[in-house]
Amino acid sequence: MTETRLETQGLSRHFGALTAVREIDFKLDAGARHALIGPNGAGKTTFVNLLTGVLRPTGGRVLLAGRDITAKPQAERVKLGIARTFQINRLFRGLSVLENVCIAVAERVGAATSMIYPAGWRTDVIEESMHILATLKLADAARFRVSELPYGRQRLIELAIAIGLKPGVLLLDEPAAGVPSAESHIILDALERLPENIAVLIIEHDMDVVFRFAKRVTVMVRGAIFAEGTPREIETNPQVRAVYLGQAAERRANA
Amino acid sequence: MSDAARSAAPAAIAPRLDHPAARVLMRRHHLRWWEALPWLAAMVFYFAFPDYLGFGTELLIAILFALSLDLALGYAGIVTLGHAAFFGAGAYAVGMLAFYGIWTEPITSLSLAAATAAVIGLLSGLVLLRTGGLTLLMLTLCTMALLEEAANMARAYTGGFDGLPSLPIAPVFGVFEFNPLYANTQYLYTLGALLICFAFVRTLIYSPFGQSLTGIRENLLRMHAVGSPVRRRLVVCYTISAALAGVAGGLWAQTNAYVNLSVLDLDRSATVLIILILGGHGRLYGAFVGAVVYLALEHFLAQIYPTAWQLGLGILLVLIALFARNGILGLGETLWRRYGTRLDGS
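Note that the protein sequences, when read in sequence, are chains A and B. With the working numbering as the guide, the letters of the first sequence map in order to residues 15 to 269. With the working numbering as the guide, the letters of the second sequence map in order to residues 1174 to 1519.
(1) Chain A beta carbons: is any one of them nearer than 9 Å to that of SER1241 of chain B?
(2) Looking only at its chain, what residues have a beta carbon closer than 7 Å to the beta carbon of ALA44 of chain A, apart from the 5 residues adjacent to it on each side?
(3) Just checking: is the beta-carbon of PHE61 of chain A within a distance shorter than 9 Å of some beta-carbon in chain B?
(4) Flag GLN23 of chain A as yes if its beta-carbon sits less than 9 Å from any beta-carbon of chain B, otherwise no.
(5) Ends of the beta strand (DSSP E) at GLY235 of chain A?
(6) Is any beta-carbon of chain B found at less than 9 Å from that of GLY192 of chain A?
(7) Measure the beta-carbon distance from CYS1410 of chain B to LEU1393 of chain B and round it to whole angstroms, keeping in mind my assumption that it falls under 8 Å.
(8) So, PHE1260 of chain B versus LEU1492 of chain B, is the Cβ gap smaller than 9 Å?
(9) Step through the CB atoms of chain A and report whether any lies within less than 9 Å of the CB of PRO1193 of chain B.
(10) Using 10 angstroms around the beta-carbon of ASN54 of chain A, count the other beta-carbons present and answer buried if the total reaches 16, otherwise exposed.
(11) For ILE1378 of chain B, I'd like the list of residues in its chain whose CB is within less than 7 Å of its CB, leaving aside the five on either flank, ordered along the chain.
(12) Out of B:ARG1201, B:LEU1364 and B:VAL1408, which has the shortest C-alpha to C-alpha gap to TYR131 of chain A?
(13) Go ahead and pull the three-state DSSP assignment for ALA1366 of chain B.
(14) Could you tell me if ALA1327 of chain B is buried or exposed, where buried requires 16 or more neighbouring beta carbons within 10 angstroms of its beta carbon?
(15) How would you call SER1380 of chain B, buried or exposed, if buried means at least 16 neighbouring beta carbons within 10 angstroms?
(16) Determine the contact status of LEU1301 of chain B and THR1313 of chain B, defining contact as a CB-CB distance below 9 Å.
(17) Under the assumption that GLN101 of chain A contacts GLU188 of chain A (Cβ atoms under 8 Å), give the Cβ distance between them as a whole number of angstroms.
(18) Using a Cβ-Cβ distance under 9 Å, would ASN1357 of chain B count as near chain A?
(19) Given a threshold of 16 other Cβ atoms within 10 Å of its Cβ, counted over all protein chains shown, does GLY237 of chain A qualify as buried or as exposed?
(20) Would you mind reading off the limits of the alpha helix (DSSP H) that contains SER26 of chain A?
(21) Name, in chain order, the residues that DSSP records as bridge partners for THR1432 of chain B.
(22) Does the beta carbon of GLN168 of chain A sit closer than 9 Å to a beta carbon anywhere in chain B?
(23) Identify the continuous beta strand (DSSP E) that holds ALA213 of chain A and give its terminal residues.
(24) Exposed or buried, which one is GLN168 of chain A when buried takes at least 16 other CB atoms within 10 Å?
(25) Using a C-beta cutoff of 9 Å, does PRO252 of chain A count as contacting chain B?
(26) I believe ARG47 of chain A touches PHE227 of chain A by the beta-carbon criterion, under 8 Å. Please report the beta-carbon distance rounded to the nearest angstrom.
(27) Do ALA56 of chain A and LEU215 of chain A have their beta-carbon atoms positioned less than 9 Å apart in this structure?
(28) Comparing C-alpha positions only, which one of B:PHE1272, B:ASN1352 and B:GLY1500 sits nearest to TYR1431 of chain B?
(29) What three-state label does DSSP hand LYS93 of chain A in the structure shown?
(30) At 4 residues or longer, what runs of the alpha helix (DSSP H) sit wholly inside the stretch 1203-1273 of chain B?
(31) Measuring only between beta-carbons, confirm whether GLY182 of chain A sits less than 9 Å from chain B.
(32) Name the chain A residues whose beta carbon is nearer than 7 Å to that of PHE1382 of chain B?
(33) How far does the alpha helix (DSSP H) with ILE146 of chain A in it reach, from first residue to last?
(34) Strictly under 9 Å for the Cβ-Cβ distance: is SER198 of chain A near chain B by that measure?
(35) What does LEU112 of chain A touch in chain B if you count any residue whose Cβ is under 7 Å from its own?
(36) How about ARG19 of chain A: is its C-beta nearer than 9 Å to some C-beta of chain B?
Structure representation (structure tokens):
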């Protein structure tokens, strides 16, 4: 019996007359490798924004390890263990790669409120950040400015920052988006090396990534859950093929 | 077994902290030899130009004011056109205490100036920092305009448009008098205050807190996403910045022995912004370079072209905006890097 890390009950979000997310009941267990797929505009990113607290739901609840966090702001949810990466890089572009991770780690260990000693004295923060970069094979890039790196490696920094928060739940919003397919294996390798115990929810359009990484797949269509199952079940589900995978396959064929 | 593990642990740690990137972070706050130069220059100025110490004092105050703005604008990215509100709050705090004979001891007066400005910074920051961009810019401007108008209307206390003249300021440490003709005491006193404030700002920006401010400036949304209480950080930073501006204003009132509405006007806010952008914001020493260049140009251009000196300044600003977005220091860094890589490349 695995514990449920993150759960939503009847989670909804309207924007005026538009229902972006409709009555979603969803569970993410410890150690989960769960993919969320669906056509553009299905409400996947809105759903993630509801989970992280960027948006407030218009209905329903979000539970973290059984505790209601629906009313908690984003920063507090991070402290409670929900981290995310962004579909489009949101990095400290003018700072070095190591500093990017250090800022996240310093925030997590509560160093960031200290004003009276130099950040350089927190060797624990620097060391942990270097360790994270090493596990993502980014150590050689640590001293470069983020803006000097190729996009594929910048995507890894998104991941490094999230790992620096030691999350219990990790939400990955299209981690391979914008990465040339020749480089996407870097992302996949990194994902496969994530600590096993983290519950991971990944939004991804690249089906190769989804089917290689995920153990369960949820398909969202027009704000609601359309189907859920193992990658195999989803792949062979004729309805899913009709609304989504067919398109993706066609797109791939046309490309 | 456990002994072996313990002895093995440091060996595993060492290479990571040995990485060049880690070393850069661990050493960044170390003092460099050239950081003594501004202070040496200030002492040389004291002995070499005894007739210009009034000008020198003005310069030191401008540096402190620009430094306070740098903390808010350069490090935390808080765009403000109303920083004179805090300069003026500090100046009027000192001025009113002295004028009505309530408190004339200069150093404690300065602390009160800092406290007054900090309170105004905190209260306005709690409201203003919920906004950003142009809205924030306008609201900071409004705050300053409201204070200016309040000072104008509260004639009975502030002297209104005429201000408060001939402030009695007690001797520093009970010994060193402020002499209006020879600004020696004013200069050294201001230099001392600047040194202390600078040491404070320098410590702050290299601290983990300062690092998180840089993070907020670089990417606000990401800071939310790493769990940073962004608004609280900004309010704290804004309050500290206000307190430092208050010290600058207090020094201005003390060394000039008067205070008037000019401490609260847009001209002062705009000038300090120009100084900082000229020197280079977010750079700690940008305030120094900017203030020296601005005031020196103002001084000498005004002598040469009394009617059109602002034209020269305008041209310089256009050049900076076109070719050196990061100010004079930024330009210097770019040139240094280019020159440096050429040396490495050969």
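Heads up, the beta-carbon is just placed ideally off N, CA and C, and yes, glycines get one too.
Quick answer:
(1) Taking the second sequence and counting its residues from 1, the one referred to as residue 1241 of chain B is at position 68. Not closer than 9 Å to any Cβ of chain A, the Cβ of SER1241 of chain B fails to qualify, so no.
(2) Here residue 44 of chain A corresponds to residue number 30 of the first sequence, with the count starting at 1. THR16, GLU17, ARG19, ASN211 and ALA213.
(3) Position 47 of the first sequence holds residue 61 of chain A. So, not an interface residue.
(4) Here the question's residue 23 of chain A lines up with position 9 in the first sequence. Not an interface residue.
(5) In the first sequence, the residue the question calls residue 235 of chain A occupies position 221. At residue 235 of chain A the sequence reads Val, which differs from the Gly that was named. Where VAL235 of chain A is concerned, the enclosing beta strand (DSSP E) stretches over 230-235.
(6) Taking the first sequence and counting its residues from 1, the one referred to as residue 192 of chain A is at position 178. Cβ-Cβ to chain B under 9 Å: no for GLY192 of chain A.
(7) For the purposes of this step, residue 1410 of chain B is taken as the residue at position 237 of the second sequence. For the purposes of this step, residue 1393 of chain B is taken as the residue at position 220 of the second sequence. Not confirmed; about 13 Å, so no contact.
(8) By one-based count along the second sequence, residue 1260 of chain B stands at place 87. By one-based count along the second sequence, residue 1492 of chain B stands at place 319. Their beta carbons are not under 9 Å apart, which means PHE1260 of chain B does not touch LEU1492 of chain B by this criterion.
(9) As a working note, residue 1193 of chain B is residue 20 in the second sequence. Closer than 9 Å: yes.
(10) Your numbering for residue 54 of chain A matches position 40 in the first sequence. Answer is exposed; the Cβ neighbour count stays below 16.
(11) As a position in the second sequence, residue 1378 of chain B is number 205, starting the count at 1. Around ILE1378 of chain B: TYR1248 and LEU1457.
(12) Position 117 of the first sequence holds residue 131 of chain A. For the residues B:ARG1201, B:LEU1364 and B:VAL1408, the minimum Cα distance to TYR131 of chain A belongs to B:ARG1201.
(13) By one-based count along the second sequence, residue 1366 of chain B stands at place 193. DSSP places ALA1366 of chain B in helix when its eight states are reduced to three.
(14) Your numbering for residue 1327 of chain B matches position 154 in the second sequence. Exposed, because fewer than 16 other Cβ atoms sit within 10 Å of the Cβ of ALA1327 of chain B.
(15) Counting from 1 along the second sequence, the entry for residue 1380 of chain B is found at position 207. Classification of SER1380 of chain B: buried, given that the 10 Å Cβ count is 16 or more.
(16) As a first step, residue 1301 of chain B is located in the second sequence; it is residue number 128 there, counting from the start. As a first step, residue 1313 of chain B is located in the second sequence; it is residue number 140 there, counting from the start. Result yes, Cβ atoms of LEU1301 of chain B and THR1313 of chain B sit closer than 9 Å.
(17) Here residue 101 of chain A is taken as the residue at index 87 of the first sequence, counted from 1. Here residue 188 of chain A is taken as the residue at index 174 of the first sequence, counted from 1. Going by Cβ atoms, the distance from GLN101 of chain A to GLU188 of chain A rounds to 5 Å, so yes, they are a contact pair.
(18) Residue numbering aside, residue 1357 of chain B sits at position 184 when the second sequence is read from its first letter. Not closer than 9 Å to any Cβ of chain A, the Cβ of ASN1357 of chain B fails to qualify, so no.
(19) Residue mapping note: residue 237 of chain A aligns to position 223 of the first sequence, counting from 1. Its Cβ being crowded by 16 or more others within 10 Å, GLY237 of chain A is buried.
(20) For the purposes of this step, residue 26 of chain A is taken as the residue at position 12 of the first sequence. Looking at the DSSP string, SER26 of chain A is not in any alpha helix (DSSP H); the run it does join, the beta strand (DSSP E), is 18-29.
(21) Here residue 1432 of chain B corresponds to residue number 259 of the second sequence, with the count starting at 1. Correcting the residue type first, residue 1432 of chain B is Val in the shown sequence and not Thr. In DSSP, VAL1432 of chain B forms a bridge with B:LEU1337.
(22) Translated into positions along the first sequence, residue 168 of chain A becomes position 154. Taking Cβ atoms only, chain B never reaches closer than 9 Å to GLN168 of chain A, which makes this a no.
(23) One-based indexing of the first sequence puts residue 213 of chain A at position 199. Counting along the chain, ALA213 of chain A sits inside the beta strand (DSSP E) bounded by residues 213-217.
(24) Here the question's residue 168 of chain A lines up with position 154 in the first sequence. Answer is buried; the Cβ neighbour count reaches 16.
(25) Looking up residue 252 of chain A in the first sequence gives position 238. No, its Cβ sits nowhere closer than 9 Å to a Cβ of chain B.
(26) Locating residue 47 of chain A in the first sequence gives position 33, where the first residue counts as 1. Locating residue 227 of chain A in the first sequence gives position 213, where the first residue counts as 1. Between the beta-carbon of ARG47 of chain A and that of PHE227 of chain A there is about 6 Å, and that keeps the pair under the 8 Å contact cut.
(27) Counting from one through the first sequence, the residue named residue 215 of chain A turns up at place 201. Counting from one through the first sequence, the residue named residue 56 of chain A turns up at place 42. Result no, Cβ atoms of LEU215 of chain A and ALA56 of chain A do not sit closer than 9 Å.
(28) For the purposes of this step, residue 1431 of chain B is identified with residue 258 of the second sequence, where counting begins at 1. Checked all of B:PHE1272, B:ASN1352 and B:GLY1500; the closest Cα to TYR1431 of chain B is B:PHE1272.
(29) For the purposes of this step, residue 93 of chain A is taken as residue 79 along the first sequence, with counting starting at 1. Correct three-state label for LYS93 of chain A: helix.
(30) Counting whole runs of 4 or more residues, the stretch 1203-1273 of chain B contains the alpha helix (DSSP H) stretches 1210-1221, 1226-1242 and 1257-1272.
(31) For the purposes of this step, residue 182 of chain A is taken as residue 168 along the first sequence, with counting starting at 1. It does not: the Cβ of GLY182 of chain A has no partner Cβ on chain B nearer than 9 Å.
(32) Position 209 of the second sequence, counted from the start, is the residue given in the question as residue 1382 of chain B. Within chain A, the residues near PHE1382 of chain B are ALA126, THR127, SER128 and MET129.
(33) Residue 146 of chain A sits at position 132 when you count from the first residue of the first sequence. Counting along the chain, the alpha helix (DSSP H) containing ILE146 of chain A begins and ends at 137-149.
(34) By one-based count along the first sequence, residue 198 of chain A stands at place 184. No, because no Cβ of chain B sits closer than 9 Å to the Cβ of SER198 of chain A.
(35) For this step, residue 112 of chain A is matched to residue 98 along the first sequence. For a Cβ distance threshold of 7 Å, residue set ALA1194, ALA1195 and LEU1198 of chain B lies close to LEU112 of chain A, ordered along the chain.
(36) Here residue 19 of chain A refers to the residue found at position 5 when the first sequence is read from its first residue. Output row for ARG19 of chain A: interface = no.
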